[in-house]
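Accompanying notes for the structure given below.
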Amino acid sequence: MSDIDLDSLVSLCKRRGFIYQSSEIYGGLAAVYDYGPYGVELANNIKQLWWKDLVYGHDNIVGLDSAIFMHPKVWRASGHIANFSDPLVECRHCHSRFRADELLAQAGVKANETMSENEFNQLFDDYRHLVVCPDCGQQNFTAVRRFNLLVESNLGDFTGSGAEPVYLRGETCQGIYVNYKNIMDSTRLQLPFGIAQIGKAFRNEITARQFIFRTREFEQMELQYFVKPTEDLEEFNQWKEQRWNYYINNLGISTNNLQWHKHEKLAFYAKAAFDIEYKFPFGFQEIEGIHARGDYDLSQHQKYSGVKLDYYDPISHETFIPHIVEASSGVGRVFLMLLAEAYGEENLPDGSKRIVLHLKPALAPIKVAVFPLLRNRPELVAKAREIFDQLKVHWRCEFDDNGNIGKRYRRQDEIGTPYSVTIDFDTLANNVVTVRDRDSMKQESINVNELIAYLSSKLN
Ligand code: GAP
Numbered sequence: 017m018s019d020i021d022l023d024s025l026v027s028l029c030k031r032r033g034f035i036y037q038s039s040e041i042y043g044g045l046a047a048v049y050d051y052g053p054y055g056v057e058l059a060n061n062i063k064q065l066w067w068k069d070l071v072y073g074h075d076n077i078v079g080l081d082s083a084i085f086m087h088p089k090v091w092r093a094s095g096h097i098a099n100f101s102d103p104l105v106e107c108r109h110c111h112s113r114f115r116a117d118e119l120l121a122q123a124g125v126k127a128n129e130t131m132s133e134n135e136f137n138q139l140f141d142d143y144r145h146l147v148v149c150p151d152c153g154q155q156n157f158t159a160v161r162r163f164n165l166l167v168e169s170n171l172g173d174f175t176g177s178g179a180e181p182v183y184l185r186g187e188t189c190q191g192i193y194v195n196y197k198n199i200m201d202s203t204r205l206q207l208p209f210g211i212a213q214i215g216k217a218f219r220n221e222i223t224a225r226q227f228i229f230r231t232r233e234f235e236q237m238e239l240q241y242f243v244k245p246t247e248d249l250e251e252f253n254q255w256k257e258q259r260w261n262y263y264i265n266n267l268g269i270s271t272n273n274l275q276w277h278k279h280e281k282l283a284f285y286a287k288a289a290f291d292i293e294y295k296f297p298f299g300f301q302e303i304e305g306i307h308a309r310g311d312y313d314l315s316q317h318q319k320y321s322g323v324k325l326d327y328y329d330p331i332s333h334e335t336f337i338p339h340i341v342e343a344s345s346g347v348g349r350v351f352l353m354l355l356a357e358a359y360g361e362e363n364l365p366d367g368s369k370r371i372v373l374h375l376k377p378a379l380a381p382i383k384v385a386v387f388p389l390l391r392n393r394p395e396l397v398a399k400a401r402e403i404f405d406q407l408k409v410h411w412r413c414e415f416d417d418n419g420n421i422g423k424r425y426r427r428q429d430e431i432g433t434p435y436s437v438t439i440d441f442d443t444l445a446n447n448v449v450t451v452r453d454r455d456s457m458k459q460e461s462i463n464v465n466e467l468i469a470y471l472s473s474k475l476n
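See below:
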């Protein structure tokens with residue numbers, strides 16, 4: 017399934033209202049996207065499944081929704097102002113901008129994105145003769161410079177924080193760290209415990225050429241799990257396993273399309289870091305990072321805020337700063353992965369072709385489509401409306417009376433609707449509807465009185 021090309025997914029997303037480019041009527045805003053009527057449903061389902069699995073599924077994990085604006089000192093303490101940058105080079109000929117590590121990779125040279133500006137320039141100079149501008153084919157680049165990814169906003173001095181600018185948050189987890197003490201005080205949770213958050217993050221990404229894979233505004237789903245220092249590697253290994261299984265069991269991703277990427281060069285404070293990668297149409301790339309971050313985040317915030325962020329262990333009577341295990345993924349990347357995984361182009365026995373999304377029912381934007389056989393027969397339309405009204409209380413449903421039934425099935429297949437219900441003359445005579453299964457395309461006659469129980473057994 018993931019052998020498809022990115023263009024097919026982009027075209028499906030636009031055609032069927034999953035994703036539009038931001039501000040398209042003004043020519044678009046690069047690397048910013050809007051989620052359309054089906055896109056917002058799929059994205060909501062992705063977030064709900066994650067939240068259910070982590071927050072509802074564990075009695076020691078709680079949720080949070082912290083603000084996007086934060087005190088400027090947060091980003092100094094976290095290291096983002098000093099270090100949150102990508103290596104930027106510009107083509108002197110066409111002025112396109114690129115990440116130096118990505119250009120080097122295209123020339124077969126491996127660079128580590130954490131290298132300093134000097135290290136990058138040295139490496140880039142050594143291999144300059146191999147690097148070609150992907151946009152104009154020239155070989156004339158500027159020097160590499162570190163480009164900070166934080167997006168500055170214009171809140172000015174209203175915060176009383178002095179001359180420092182306020183940023184749109186570059187990652188959601190900082191809101192968790194600065195609320196860790198509040199949450200401990202108000203919930204009396206004891207280690208180990210987790211705080212989960214879903215929310216927007218913003219980054220001045222240099223290159224954004226892979227649709228919603230890398231965008232300048234995106235949503236993150238982040239779990240920060242607070243543990244005893246002696247237990248962090250054990251917890252880390254457990255979370256690694258849980259998160260891997262989540263993609264296979266809960267989201268239905270094939271193991272063949274997933275792999276681990278181990279970070280060889282760790283940040284000085286980190287104990288271990290692995291990414292889960294998915295086989296996108298453009299190759300294996302990260303969807304989620306699972307990192308053992310030591311006590312770095314809380315120590316930094318304690319140092320910069322002057323507020324004690326340590327933990328008193330009522331059993332051992334020790335006081336220490338908890339260590340953190342993080343599991344961080346992006347809604348957009350999971351969205352793109354699910355489309356790639358679910359997408360199929362299938363030849364039908366009658367010689368025609370269909371495009372279908374084999375999404376798990378829990379993820380499908382529309383669960384049930386309801387069709388009156390003929391739109392010009394008021395008695396069929398009225399009965400179909402009646403059934404639609406009964407079903408819509410239980411699931412996100414769609415009423416469609418446009419075109420012939422075959423066309424309506426094709427439309428629902430393309431957006432991944434698992435079941436379509438047709439109301440015909442048999443419904444009026446015998447109270448029976450036809451239910452058609454998206455994957456097998458088999459049709460079954462079901463009594464209207466049993467329809468909700470039937471669909472529940474399939475969907476829930
Ligand atoms: N708090 C850790 C953190 O933010 P990250 O690897 O920079 O780590 C975590 O981001 C996840 O967020 C990634 O695995 C990816 O799914 C998503 N993500 C990061 N940058 C993104 C971008 N520019 N566009 C879309 N998703 C992004």
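Per the working numbering, the very first residue in the sequence shown carries number 17; after that it's consecutive. Note that the Cβ used here is the ideal one computed from N, Cα and C, for glycine as well. Keep in mind the model is a prediction, meaning the values are calculated, not measured.
{"Check": "Counted within 10 angstroms of its Cβ, other Cβ atoms place residue 211 as buried (16 or more) or exposed", "Outcome": "buried"}
{"Check": "Any chain C beta carbon closer than 8 Å to residue 112", "Outcome": "Looking for chain C here will not work: only one protein chain is present."}
{"Check": "Collapsed DSSP secondary structure at residue 17 in the structure displayed", "Outcome": "Low per-residue confidence applies at residue 17: pLDDT is 48, beneath 50, and the placement is therefore not dependable enough to give any value."}
{"Check": "Identified DSSP bridge partners for residue 544", "Outcome": "The structure shown has nothing for residue 544, since the chain only spans 17 to 476."}
{"Check": "Straight-line gap, residue 18 to residue 285 (C-alpha atoms, nearest Å)", "Outcome": "Low confidence applies to residue 18: its pLDDT is 49, below 50, so where it sits in the model is not reliable enough to give any reading."}
{"Check": "Span of the alpha helix (DSSP H) around residue 197", "Outcome": "196-203"}
{"Check": "Neighbourhood of residue 407 by C-beta distance below 8 Å, restricted to the same chain and skipping five residues each side", "Outcome": "384, 386, 413, 437, 467, 468 and 471"}
{"Check": "For residue 192 and residue 464, the rounded distance between their alpha carbons", "Outcome": "49 Å"}
{"Check": "N- and C-terminal bounds of the beta strand (DSSP E) containing residue 236", "Outcome": "233-243"}
{"Check": "For residue 216, the nearest candidate out of 59, 328, 153 and 248 (CA to CA)", "Outcome": "59"}
{"Check": "Under 8 Å between C-beta atoms of residue 309 and residue 257", "Outcome": "no"}
{"Check": "Continuous beta strand (DSSP E) stretch holding residue 100: start and end", "Outcome": "First-last for residue 100: undefined, no H or E at that position."}
{"Check": "Where residue 269 falls: helix, strand or coil (DSSP)", "Outcome": "coil"}
{"Check": "Sheet register partners of residue 55 (DSSP bridge)", "Outcome": "Paired residue(s): none; residue 55 is not in a bridge."}
{"Check": "Residue 349 beta carbon near the ligand GAP (any heavy atom closer than 7 Å)", "Outcome": "yes"}
{"Check": "C-alpha distance - residue 139 paired with residue 242, whole-angstrom precision", "Outcome": "39 Å"}
{"Check": "Residue 361 classed as buried or exposed, judged by whether at least 16 other C-beta atoms fall within 10 angstroms", "Outcome": "exposed"}
{"Check": "Span of the alpha helix (DSSP H) around residue 477", "Outcome": "Any question about residue 477 goes unanswered here, given that the chain covers just 17 to 476."}
{"Check": "Distance cut-off 7 Å: residue 303 Cβ against heavy atoms of the ligand GAP", "Outcome": "yes"}
{"Check": "Residue 373 to residue 184 span [Cα, whole Å]", "Outcome": "35 Å"}
{"Check": "Cβ pair residue 90, residue 157 closer than 8 Å", "Outcome": "no"}
{"Check": "Option in 297, 357 and 293 with minimal Cα separation from residue 344", "Outcome": "293"}
{"Check": "Inter-residue spacing [alpha-carbon to alpha-carbon] between residue 444 and residue 307", "Outcome": "60 Å"}
{"Check": "Same chain, Cβ closer than 6 Å to residue 128, neighbours up to 5 away in sequence not counted", "Outcome": "281"}
{"Check": "Heavy atom of the ligand GAP within 7 Å of residue 29 beta-carbon", "Outcome": "no"}
{"Check": "Residue 299, DSSP secondary structure in three states", "Outcome": "strand"}
{"Check": "Which of helix, strand or coil DSSP assigns to residue 152", "Outcome": "coil"}
{"Check": "First through last residue of the alpha helix (DSSP H) which encompasses residue 255", "Outcome": "248-261"}
{"Check": "4 or more residues per run - each alpha helix (DSSP H) lying fully within the stretch 331-396", "Outcome": "347-358"}
{"Check": "Buried/exposed call for residue 54, threshold 16 Cβ in 10 Å", "Outcome": "buried"}
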